[in-house]
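Below is one structure; the comments refer to it alone.
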Amino acid sequence: MPGKGETKSRILDAAELLFAEHGFKETSLRTITSKAGVNLASVNYHYGDKKTLVRAVLSRYLEEFMPALKAELEVLLTRDDFSMEDVFRCAKQPLLKLNIYRPNGAQLFMSLLGRGYTDVQGHLRWFIVTRYEEVLNLFTTAVCRANSSLDPETLFWRLHFTLGATVFTMASTTALCEIAENDFSRTVTTEDLIERLVPYLAAGVAAPIEQPLSLIREETTGTQ
Numbered sequence: 009m010p011g012k013g014e015t016k017s018r019i020l021d022a023a024e025l026l027f028a029e030h031g032f033k034e035t036s037l038r039t040i041t042s043k044a045g046v047n048l049a050s051v052n053y054h055y056g057d058k059k060t061l062v063r064a065v066l067s068r069y070l071e072e073f074m075p076a077l078k079a080e081l082e083v084l085l086t087r088d089d090f091s092m093e094d095v096f097r098c099a100k101q102p103l104l105k106l107n108i109y110r111p112n113g114a115q116l117f118m119s120l121l122g123r124g125y126t127d128v129q130g131h132l133r134w135f136i137v138t139r140y141e142e143v144l145n146l147f148t149t150a151v152c153r154a155n156s157s158l159d160p161e162t163l164f165w166r167l168h169f170t171l172g173a174t175v176f177t178m179a180s181t182t183a184l185c186e187i188a189e190n191d192f193s194r195t196v197t198t199e200d201l202i203e204r205l206v207p208y209l210a211a212g213v214a215a216p217i218e219q220p221l222s223l224i225r226e227e228t229t230g231t232q
């Protein structure tokens, strides 16, 4: 009979795969217990409810990724000058290390993170923002120092666009690498993918600020 530690690990292993593939809302506790080979009482005993289990699954990655990202950002912020690419490149090694921590760790982490936003898991967003506020503030500070012209509203939209592009790319790593190999006869690693992604994200966040069309129309209408 498995011990408490083994049972918890089996539940988390089964849950993370199912959550990443099917989403948080579409994955029931019974599906998780069936895959893990444990009874429903075990999940209730160790985690209490599904919300707590969701946080526990993502925390395994966040507890590895966030401290590593924090360390990279703190070193970057000691410099007098750095680019937007430098800011985004701070996430490279923390992401790659997830593949050492867990098989396909970077891909699983980004899939789970994406699910947390697209499945309307408000509690998960609150959990991340609250628990890792210091790291997120360091990242925002670095972005603003790299481009001081960004106003809060523009920064909000561009960072969310960045999250969307990153989640899609990293969660689709296997498929994208296979397509690249088939179409261009080129072997692409996760590190290659990140190196291609960083300049794209940096350019998007640092792009010139243009006035929204809705405001232009309002101003045009007001002058008539």
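Take the sequence shown: its position 175, counting from 1, is numbered 183 in the numbering used here, and each next residue is one higher. Don't be surprised by glycine CBs; every beta carbon is placed ideally from N, CA and C.
Nearest-angstrom Cα distance between Phe164 and Cys152?
Approximately 12 Å, taken between the alpha carbons.
For Thr86, three-class secondary structure by DSSP
Residue state, collapsed to three classes: coil.
Rounded to a whole number of angstroms, what is the C-alpha to C-alpha distance between Tyr109 and Asp159?
Cα to Cα, Tyr109 sits roughly 37 Å from Asp159.
Nearest CA to the CA of Phe32: which residue from Pro216, Thr126, Ser67, Val143?
Distance check between Phe32 and each of Pro216, Thr126, Ser67, Val143 places Thr126 closest, using alpha-carbon atoms only.
With a threshold of 8 Å, are at least 3 pairs of Cβ atoms found where one atom belongs to the stretch 15-28 and the other to the stretch 54-62?
The stretch 15-28, when compared against the stretch 54-62, does touch it at the 8 Å Cβ threshold.
To which residues of the same chain is Val175 closer than 7 Å at the C-beta, ignoring the five residues directly before and after it?
Cβ contact annotation for Val175 (same chain, cutoff 7 Å, sequence separation greater than five): Met118, Leu121, Gly122, in chain order.
Sequence-distant residues of the same chain with beta carbon closer than 7 Å to Glu24, five excluded per side
Val65, Leu116, Leu120, listed in sequence order.
Go through its chain and collect everything with a Cβ distance to Gly113's Cβ below 6 Å, but skip five positions before and after it.
Leu106, Asn107.
Over the uninterrupted alpha helix (DSSP H) stretch that includes Leu132, give me the two end residues.
It spans 130-139 - the alpha helix (DSSP H) in which Leu132 sits, taken as one unbroken run.
Closer than 8 Å by C-beta to Tyr208: which residues in its own chain qualify, once you throw out the five before and the five after it? Chain order, please.
Leaving aside the five residues that flank Tyr208 on each side, the residues in its chain whose CB is nearer than 8 Å to its CB run, in chain order, Ala173.
Ala99 to Glu80, Cα distance in whole Å?
Whole-angstrom Cα-Cα distance: 8 Å.
Measure the C-alpha to C-alpha separation of Lys78 and Thr197 and round it to an integer number of angstroms.
Roughly 25 Å separates the two Cα atoms.
Measuring only the C-alpha atoms, how far is Asp94 from Leu103?
Rounded to whole angstroms, Asp94 to Leu103 spans 15 Å at the Cα level.
The alpha helix (DSSP H) that contains Val196, what's its start and end?
Careful: Val196 lies outside any alpha helix (DSSP H) and carries neither H nor E.
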